[in-house]
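Undergrad:
Residue numbers (the working numbering), protein chains in the order written: chain P, 31 to 228; chain R, 72 to 246; chain B, -16 to 65.
1. Verify the CB distance criterion: does residue 192 of chain R have a CB-CB separation below 8 Å to chain P?
2. Inspect the CB distances between the segment 191 to 209 of chain R and the segment 163 to 178 of chain R and report whether three or more fall short of 8 Å.
3. Can you find a C-beta in chain R that's less than 8 Å from the C-beta of residue -11 of chain B?
4. Would you say residue 16 of chain B reaches chain R, if we count a Cβ-Cβ gap shorter than 8 Å as a contact?
5. Less than 6 Å between C-beta atoms, sequence neighbours within five positions excluded: which residues of the same chain meet that for residue 146 of chain R?
6. Identify whether residue 86 of chain P lies in helix, strand or coil by the three-state DSSP scheme.
7. Check for me: the alpha helix (DSSP H) holding residue 71 of chain P runs from which residue to which?
8. Using the rule of at least 16 other Cβ atoms within 10 Å of the residue's Cβ for burial, across every protein chain shown, is residue 219 of chain R buried or exposed?
9. Tell me, please, whether the segment 78 to 93 of chain R touches the segment 191 to 198 of chain R by the rule of three or more beta-carbon pairs shorter than 8 Å.
10. Could you say which of B:51, B:11 and B:26 lies nearest to residue 72 of chain B if we only look at CA atoms?
11. Measure the C-alpha to C-alpha separation of residue 133 of chain P and residue 72 of chain P and round it to an integer number of angstroms.
12. Under DSSP, the alpha helix (DSSP H) around residue 220 of chain P begins and ends at which residues?
13. To the nearest angstrom, how far is it from the Cα of residue 176 of chain R to the Cα of residue 160 of chain R?
14. State the DSSP-derived secondary structure class of residue 150 of chain P, mapped to helix, strand or coil.
15. Measuring only the C-alpha atoms, how far is residue 38 of chain P from residue 47 of chain P?
16. Let me see if you follow: with CB-CB separation under 8 Å, is residue -5 of chain B close to chain P or not?
17. Counting only Cβ pairs nearer than 7 Å, list the residues of chain B close to residue 223 of chain R.
18. Quick one: what's got a C-beta closer than 8 Å to residue 33 of chain B's C-beta in the same chain, skipping five residues either side?
19. Please return the same chain residues whose Cβ sits closer than 6 Å to the Cβ of residue 156 of chain R, not counting the five positions on each side in sequence.
20. From which residue to which residue does the alpha helix (DSSP H) around residue 79 of chain R run?
21. CA-CA distance, residue 129 of chain R and residue 11 of chain B?
22. Which term fits residue 220 of chain P, buried or exposed, when burial requires 16 or more other beta carbons within 10 angstroms of its beta carbon?
23. Determine the direct distance from the alpha carbon of residue 128 of chain P to that of residue 83 of chain P, and round the result to whole angstroms.
24. For residue 173 of chain P, write down the residues that DSSP places opposite it in a beta bridge.
25. I'd like to know if residue 99 of chain P contacts chain R, where contact means its C-beta is closer than 8 Å to some C-beta of that chain.
26. Can you give me the C-alpha to C-alpha distance between residue 205 of chain R and residue 43 of chain B, rounded to a whole angstrom?
27. In chain R, which residues lie less than 9 Å from residue 22 of chain B when you measure between Cβ atoms?
28. Using a Cβ-Cβ cutoff of 9 Å, what residues of the segment 159 to 188 of chain P are near chain R? List them in chain order.
29. Please say whether residue 113 of chain R and residue 93 of chain R have beta carbons closer to each other than 8 Å?
30. Relative to the alpha-carbon of residue 80 of chain P, which residue among P:99, P:151 and P:91 has its alpha-carbon at the smallest distance?
31. Would you report the Cα separation of residue 99 of chain R and residue 119 of chain R, rounded to the nearest angstrom?
32. Taking 8 Å as the threshold (C-beta atoms), are residue 108 of chain P and residue 126 of chain R in contact?
Below you can see the structure in the form of C-alpha cells.
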C-alpha cells in the first residue's frame, strides 16, 4: 500500500478532533492562565496564595492585612465582586474557597473565612453595619447561597449552609441550615439525608 | 433606533440565540443568553435591561419558555437545568433569580448536582425585585410575590406572598 | 382540635400532601422540604403560642407528625407549668 493523501473524510475527522482538543484542553487552560494572571494583578496589594484565579472583574482594595489562601476562584458575571479590607482590619480567606459574581466582602475589623467555602452570587459579608463593628468568622466548608446577607458578629459553624436570601444576625452552629429573615438555624439532620446518601 | 423603527430588528438580533422569538420583541440593554438549551420567546416580550444585564441560561436539554407580553427587568437571571416557564403578561422585577436546581447538595459532596425541579409561573404573575424562586416554585394565575421573597413551592392563584420564609399577605377574594 | 389534627390540617393545606401516616418521616418520604420545615416551625410558634429554640429544631422533635405533636404537647405543658 502506498501512503497517499488523506481522504476528505479523514481530513474532516482530524480537523474535528483538533477542534475538540482546542475546546476541551487548550481553551480552558488558556482561560485559567488568564484568570490567574488577572488575579495576580487585581490582588497585587494582598498577600496571595498560589493558583488564585479571577474569571471576571473584581474590585479589590487592601489598606489593612488581607491574606487570601491557595486556589481561590472568583467567577465573573453581571456584577463585579468586591473585596475590601480597610485600614487596621484583617481579612483571611482559606484555601479553595469559591466566590460567584457580585459577592461583596468587607472587613473593617476582622473577617475570617475557612477553607473550601462557597459563596454564591450577591452574597454580602460585612463586619460593619453602620452602628457597630464586630468580627465575622466563617468556618470550613460553609455554603452561603444566593443573596444571603451576613451581619456583623456572626459565626457560621463548619459545614453549615446559609439558605438563599436569608439575613443572618445570630450565630449558626456547625452542621445546620440557616434560613429566613432574621435567620433561624435548624439541624441539617432534619432536612438532608446523611452524607453517604446525599 | 426606536425612531427609525429598528427596535424590533435590533431586539431580534440580540435574541438571535433563542430558538424562537415572537412578534415585536423589545430589548433595551444587554441580554446574555448562555448554554445550549432551548429558549422560546413569545410575542411582544419586553426585556428592560438598561440598569443591569439580563441573563438567560439554559443548560443542554433544558428549556426556558417566556410567553406573550412578559416583562423582564434588569439584573434578573433565569437559570434552567430542566424547565422554566413564565406565563403570559407576567412580570419579573429587577435582580430576580430563578433557579430550577440548587446546584449543590446540602451536605456530602458539594460537587454532586441535585435533581432539578421545574419552575412554573402561570399567567399574570408579578414577581417583586430581588425575589428568589427556588426549585419547585409554582406560582399560579395572578399570584404576586413581594420584593425579596424566597419561594420554593406552590402559591395558589390570586394570593400575594411576602417575607422570608414566605407568608400569605393577602388573598384575592373576588375578581 | 388536638395539636395533631391542627398540624395535619396545616401540612395537608400547605404542602399538598394528604396520604401520609403519623409516623412517616417528613424527610425520608420527601413530604416537607427545608423551606417547608421553616414554615412549619413558624406555624407552630404562632398557632400554639410557644417559642422554639434553634437547638430544638432537630429530627427527634420534628421529623414526623407524631413527633411534632408530642413535642408541641410537651412544650405546652412546660410553658403552662412555668
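Backbone N, C-alpha and C define an ideal beta-carbon position, used for all residues, glycine too. Quick caveat: nothing in here was measured; it's all calculated off a predicted structure.
TA: So, from the data block:
1. Counting from 1 along the second chain, the entry for residue 192 of chain R is found at position 121. Judged by the 8 Å Cβ criterion, residue 192 of chain R is not in contact with chain P.
2. yes
3. Taking the first residue of the third chain as 1, we reach residue -11 of chain B at position 6. No, residue -11 of chain B does not count as interfacial toward chain R.
4. For this step, residue 16 of chain B is matched to residue 33 along the third chain. Yes, contact with chain R.
5. The residue you call residue 146 of chain R lines up with position 75 of the second chain. Once the five neighbours on either side are set aside, the close Cβ partners of residue 146 of chain R are 123, 165 and 166.
6. Locating residue 86 of chain P in the first chain gives position 56, where the first residue counts as 1. It is coil, neither helix nor strand.
7. If you number the first chain from 1, residue 71 of chain P lands on position 41. 57 to 72 is the extent of the alpha helix (DSSP H) around residue 71 of chain P.
8. For this step, residue 219 of chain R is matched to residue 148 along the second chain. Residue 219 of chain R is buried by the Cβ-count criterion.
9. no
10. No statement about residue 72 of chain B is possible, as the shown extent of chain B runs from -16 to 65 and does not include it.
11. Position 103 of the first chain, counted from the first residue, corresponds to residue 133 of chain P. Position 42 of the first chain, counted from the first residue, corresponds to residue 72 of chain P. C-alpha separation (whole angstroms): 15 Å.
12. Taking the first chain and counting its residues from 1, the one referred to as residue 220 of chain P is at position 190. Counting along the chain, the alpha helix (DSSP H) containing residue 220 of chain P begins and ends at 218 to 221.
13. Counting from one through the second chain, the residue named residue 176 of chain R turns up at place 105. Counting from one through the second chain, the residue named residue 160 of chain R turns up at place 89. Straight-line Cα distance between these residues: approximately 34 Å.
14. In the first chain, counting from the first residue as 1, residue 150 of chain P sits at position 120. Three-state DSSP puts residue 150 of chain P in coil, outside helix and strand.
15. Residue numbering aside, residue 38 of chain P sits at position 8 when the first chain is read from its first letter. Residue numbering aside, residue 47 of chain P sits at position 17 when the first chain is read from its first letter. Roughly 14 Å between the two C-alpha positions.
16. Counting from 1 along the third chain, the entry for residue -5 of chain B is found at position 12. Chain P contact via Cβ: absent.
17. The sequence position of residue 223 of chain R within the second chain is 152, counting from 1. Under the 7 Å cutoff, chain B gives 16 and 18.
18. Taking the third chain and counting its residues from 1, the one referred to as residue 33 of chain B is at position 50. Once the five neighbours on either side are set aside, the close Cβ partners of residue 33 of chain B are 27, 55, 58, 59 and 62.
19. Here residue 156 of chain R is taken as the residue at index 85 of the second chain, counted from 1. The residues are 136 and 191.
20. Looking up residue 79 of chain R in the second chain gives position 8. Unbroken alpha helix (DSSP H) run through residue 79 of chain R: 78 to 85.
21. Locating residue 129 of chain R in the second chain gives position 58, counting from the first residue. Locating residue 11 of chain B in the third chain gives position 28, counting from the first residue. Going by the C-alpha atoms only, they are around 31 Å apart.
22. Residue 220 of chain P sits at position 190 when you count from the first residue of the first chain. It counts as buried.
23. Counting from one through the first chain, the residue named residue 83 of chain P turns up at place 53. Counting from one through the first chain, the residue named residue 128 of chain P turns up at place 98. In a straight line, the C-alpha of residue 83 of chain P is about 10 Å away from that of residue 128 of chain P.
24. Taking the first residue of the first chain as 1, we reach residue 173 of chain P at position 143. Its beta-bridge partners are P:148 and P:191.
25. Counting from one through the first chain, the residue named residue 99 of chain P turns up at place 69. With 8 Å as the cut-off, residue 99 of chain P does not count as an interface residue toward chain R.
26. Sequence index remark: in the second chain, residue 205 of chain R carries index 134 (1-based). Sequence index remark: in the third chain, residue 43 of chain B carries index 60 (1-based). Between residue 205 of chain R and residue 43 of chain B, the C-alpha separation is close to 27 Å.
27. By one-based count along the third chain, residue 22 of chain B stands at place 39. Those are 224, 236, 237 and 238, listed as they occur along chain R.
28. 171, 173, 175, 176 and 177
29. Numbered from 1 along the second chain, position 22 holds the residue referred to as residue 93 of chain R. Numbered from 1 along the second chain, position 42 holds the residue referred to as residue 113 of chain R. In contact: residue 93 of chain R and residue 113 of chain R (Cβ atoms closer than 8 Å).
30. As a working mapping, residue 80 of chain P is identified with position 50 in the first chain. Ranking P:99, P:151 and P:91 by Cα distance to residue 80 of chain P puts P:99 first.
31. What you label residue 99 of chain R is simply residue 28 of the second chain in a count that begins at 1. What you label residue 119 of chain R is simply residue 48 of the second chain in a count that begins at 1. Each residue's Cα considered, the two are about 5 Å apart.
32. Within the second chain, numbered from 1, the residue matching residue 126 of chain R stands at position 55. Within the first chain, numbered from 1, the residue matching residue 108 of chain P stands at position 78. For residue 126 of chain R and residue 108 of chain P, yes; Cβs fall inside 8 Å.
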